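For reference, the structure is listed below as structure tokens.
Protein chains: 4
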Amino acid sequence: MSPHSSTADIDTESVTGERSQRRRRKDARPSELTAAALELFVEKGFAGTRLDDIAARAGVSKGTLYLYFDSKEALFTAVIEEGIVPALAAAEQQFAGYQGRTSDLLRVLLLGWWQQIGSTRMGGVVKLIISESHNFPEVTQYYHDHVIVRGRSLLRRALQRGLESGEFRQMDVDSAIDVIIAPLLMLVIWRYSFCICGHDIEPEKYLETHFDLLIQGLLDKGRVQ
Amino acid sequence: MSPHSSTADIDTESVTGERSQRRRRKDARPSELTAAALELFVEKGFAGTRLDDIAARAGVSKGTLYLYFDSKEALFTAVIEEGIVPALAAAEQQFAGYQGRTSDLLRVLLLGWWQQIGSTRMGGVVKLIISESHNFPEVTQYYHDHVIVRGRSLLRRALQRGLESGEFRQMDVDSAIDVIIAPLLMLVIWRYSFCICGHDIEPEKYLETHFDLLIQGLLDKGRVQ
Amino acid sequence: MSPHSSTADIDTESVTGERSQRRRRKDARPSELTAAALELFVEKGFAGTRLDDIAARAGVSKGTLYLYFDSKEALFTAVIEEGIVPALAAAEQQFAGYQGRTSDLLRVLLLGWWQQIGSTRMGGVVKLIISESHNFPEVTQYYHDHVIVRGRSLLRRALQRGLESGEFRQMDVDSAIDVIIAPLLMLVIWRYSFCICGHDIEPEKYLETHFDLLIQGLLDKGRVQ
Amino acid sequence: MSPHSSTADIDTESVTGERSQRRRRKDARPSELTAAALELFVEKGFAGTRLDDIAARAGVSKGTLYLYFDSKEALFTAVIEEGIVPALAAAEQQFAGYQGRTSDLLRVLLLGWWQQIGSTRMGGVVKLIISESHNFPEVTQYYHDHVIVRGRSLLRRALQRGLESGEFRQMDVDSAIDVIIAPLLMLVIWRYSFCICGHDIEPEKYLETHFDLLIQGLLDKGRVQ
DNA sequence: CATGAATGAGGTTTCATTCAT
DNA sequence: GATGAATGAAACCTCATTCAT
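Sequence lines, in order, name chains A, B, C and D.
Counting from 1, position 208 in the first sequence corresponds to residue 1063 in my numbering; the numbering is continuous, with no gaps.
Counting from 1, position 199 in the second sequence corresponds to residue 1054 in my numbering; the numbering is continuous, with no gaps.
Counting from 1, position 72 in the third sequence corresponds to residue 927 in my numbering; the numbering is continuous, with no gaps.
Counting from 1, position 130 in the fourth sequence corresponds to residue 985 in my numbering; the numbering is continuous, with no gaps.
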């Protein structure tokens, strides 16, 4: 049995910690495999990626993949899970115990998301989920429940903080959340899809404009700032 | 030509309406096939879609596909092109000769895009291009040059109109364009990808919020409105 | 590199003889496959031969063919090339350093061709080339340039040797070459095509008659033998 | 039922003669079809030839072929039969009632074969039979029995005529027949197979050399000519 | 642990054959 | 008679999966 044979058993290995010598190598190897797999899945899609290519990019033989993953699907699942776990932790910690104006918090959240998620390997997971949602409904559901819901919940708390403090004017919070997130997700999609057309976006300037427009749109102009 | 050959020509071709039934079918076939193909490509991706399924959904046999398209790839290309041509026309005509405030124009453009493109079959093309960009670089380039560039150009003219009239405050126009477009594209992606999670978006409310935030963010507050 | 990684390298690669069984199989496979393919191509023609049949005759699965040959066409090419290379060597060596009467040399060449080429697996290549010449013009050209031209050149030297020594009477050498070769090629064709009709030829008697008629036809009767 | 649905019913239509008006067109058409089919079968082989191509070359639609032939195989059979019938008649009549030296008769037969069979459309049939013999054993058998056997019988009578008159020396008649025929058959094969290599043969010179060598080889030198 | 040769189910593609017009 | 759109069986080819080494 490979360590990634099931979708459910996340967070289990991080606790074990012992069985160092023998186990370390076995644990270390899969991340090289999932890393190679992620790149290719993002590039060519799940069905369009051959295990030969993944093995080649990871520098192992095709058979080796089956030492760690029961099937191509299990590898896909592992790729997503590996990209989700740190994303969860990273996103949550930025909000906790923030002091200062909500507009600044929003800025921290947006820019932080880019630096810690969007621009990293995990950005590819976003595109992957979008592309393969219908082929892997459980995985999509999992991603939705554990990443999207929690991310939206985080943003909702931020917006409500601004509303309660009187910084922000009234709005439809649920819609606003999606509208605020959209440019973030599109940024990674943009970079993974249209990069080949020569039309590339400068993330910092793009995010700054997004933030600027957003804050001006959210602020309650009737108040004295 | 034999002078007696006339008998052969009488009742075979002259009655033009005769083969109309068949003809109508043959003319309609390609778009029936691309329609079925688009749905499945969007749902399962290019590599994940079987020609059997496309044929079955279109109600024809597998071999019939090859009467109209040389290969699966040619079918893909046709699907995209068929979705692009009307998109081009639709996008351009909304801007021409608009009178009134630029903020209203912007609203017309955003909502109009949804009604005429995003919510229609062509919305699927957006997701398809995003998913398959690396597998079909030429198609992606084509889409970029003919749809994205022209759509951005349209939006640029709108923003500059607002800047010149003094309605809008200063901004980085290029970034703003992408930021404005992002929620539109994400709306279709959202509907094609996460609809299966029970989390669906109400397009009108979403777009209204987008527009509202955007206008507040763009307006020059220093001016008397 | 970890200083403890040495254990991993001990008993995996160093014992060179270990994978000999497998290796021997892999090395032998291509010629096993081409041998099976040749038989069937000769029998049924290129288009009429199914890869399943070739695989079955070679005792492997269909997929295995593609481990060694990129396509059916590549397999065909390999079949021909494999039959040509030894033919080249065999043909050339029969002439080199022959002492004695030219008529005897001619006899050696004709009978030798049959024993070393015509009656062997390479005889099938002749029929194959003839049948598929228009479908594989490059292969045909290759065969022409490397086998036919050299074979004719060999025969030309033999005839000229006879002319110079005064053994043979005057003739149109170029035509004579083709006339001499024809019964050889027809012999293999005969055996591959009309063997099924019950009408089979005895090669030795046939060749002896060919040689006999030929020598009598070539000799200069005016001379004292 | 098409007139060519069975292999056995040859020579039946030539006797009918009536039913002129209606029937004439129906009878005339197939020869255009078989002519087109012969060319392509010779060029690409039976399995390698598509009915579309035959129809296109004959200038009719694909469905029309099925008005005259039950299947692709029936068309193949008809092609051969059409090429055989006149070949039989032509070959036989050259021998009947010939006066003069047997060597001259032989020359007439060889050159006549080329002019009336080898160089005509029927030459292609030879190559076709050779290529497809295993795929169509009955057709091959038919060709063997009706053409080869009769042709060999003709040649046998010629050789025996020469032996009885004392013109020719002793030989193994059966082998000689095949050796004499071989250059003829190879001539057509040569022209159908290696014509694409730029190496073409001049039939007249080739046949002249064949005849010359042959006669010298056959003649009884001990006799006074 | 790791390999990579071998497999065979399943995909794309072709094409002989049919049949409504 | 003639057509050519439609079919589906069967071909070529791919690739996830297995297993002897």
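Heads up, the beta-carbon is just placed ideally off N, CA and C, and yes, glycines get one too.
Please read all numbers here as calculations on a predicted model, not as lab measurements.
Where Glu1059(B) is concerned, the enclosing alpha helix (DSSP H) starts and stops at 1058-1073. For the pair Leu922(A) and Leu922(C), the Cα-to-Cα distance works out to about 23 Å. Below the 7 Å Cβ cutoff, chain D contributes Ala1037, Pro1038, Met1041 as neighbours of Ala1037(C), in chain order. Listed along chain A, the residues sitting closer than 8 Å to Phe1049(B) by beta-carbon distance are Ser988, Thr995, His999, Ile1003. Distance from the CA of Val915(D) to the CA of Gly900(C), rounded to the nearest whole angstrom, comes to 28 Å. The beta-carbon of Ile985(B) is placed less than 7 Å from the nearest beta-carbon of chain A. Following the DSSP letters along the chain, one finds Tyr1047(A) inside the alpha helix (DSSP H) bounded by residues 1028-1048. Going by DSSP, Val915(A) is part of no alpha helix (DSSP H) at all; its letter is neither H nor E.
The beta carbons of Ala1037(D) and Ala1037(C) sit closer together than 7 Å. In summary, the residues of the stretch 1056-1070 of chain C whose CB is separated from some CB of chain D by less than 8 Å are Ile1056, Glu1057, Lys1060, Tyr1061, Glu1063, Thr1064, His1065, Asp1067, Leu1068, Leu1069, Ile1070, in the order they occur in the chain. In the structure shown, Phe901(D) adopts coil according to DSSP, grouped into three states. Taking each of Gln1015(B), Gly1021(B), Glu1022(B) in turn and checking the Cα distance to Val1028(B), the smallest one comes out for Gln1015(B). Shown here for Ser986(D): same chain residues with a beta carbon closer than 7 Å to its own, the five before and five after excluded, namely Gly900 in chain order. Put simply, the backbone Cα of Glu1063(C) is about 12 Å away from that of Leu961(C). Here Phe1023(B) carries a strand assignment [DSSP, helix/strand/coil]. Thr889(C) is positioned such that its CB atom lies closer than 7 Å to that of Val934(C). The DSSP-derived three-state label of Asp959(B) is helix. Glu947(C) and Lys927(D) have their C-alpha atoms spaced approximately 45 Å apart. The CB of Gly973(B) never comes closer than 7 Å to any CB in chain A; the least such distance is about 13 Å.
Pairing Leu893(C) with Leu906(C) gives a Cβ-Cβ distance that is not under 7 Å. The CB of Met977(A) never comes closer than 9 Å to any CB in chain B; the least such distance is about 17 Å.
For Glu928(B), the nearest beta carbon of chain A is not closer than 7 Å to its own beta carbon.
Look at Lys899(A): its C-beta is under 7 Å from a C-beta on chain B. For the pair Gly1053(A) and Glu1059(A), the Cα-to-Cα distance works out to about 18 Å.
Nearest C-alpha to Ala1031(C) among Tyr997(C), Ile1070(C), Ser974(C): Ile1070(C). In this structure, the CA atom of Ser886(C) is about 37 Å from the CA atom of Ile1035(D). In the displayed model, Phe924(C) falls within coil according to three-state DSSP, outside both helix and strand.
In this structure, Thr995(C) is the residue among Arg1046(C), Leu1039(C), Thr995(C) with its C-alpha nearest to the C-alpha of Phe931(C).
Any Cβ of chain B closer than 7 Å to the Cβ of Ile1044(A) would place that residue at the interface, and such an atom is present.
For Thr995(D), the enclosing alpha helix (DSSP H) starts and ends at 992-998.
In terms of Cβ geometry, Leu964(C) and Gln949(C) form a close pair [threshold 7 Å]. Its chain contains Val897, Gly979, Lys982 as the residues whose beta carbon lies nearer than 7 Å to that of Tyr1047(D), once the 5 sequence neighbours on both sides are disregarded; these appear in chain order. At a beta-carbon threshold of 7 Å, the residues of chain D lying near Val1034(C) are Pro1038, Tyr1061, Thr1064, His1065, Leu1068, ordered along the chain.
Taken atom to atom, the span from the alpha-carbon of Arg956(A) to that of Leu895(A) is near 42 Å. For the stretch 1012-1032 of chain B, the set of residues with a beta-carbon nearer than 7 Å to any beta-carbon of chain A comprises Met1026, Asp1027, Ser1030, Ala1031, in chain order. In the three-state reduction of the DSSP assignment, His1001(C) falls in the helix class.
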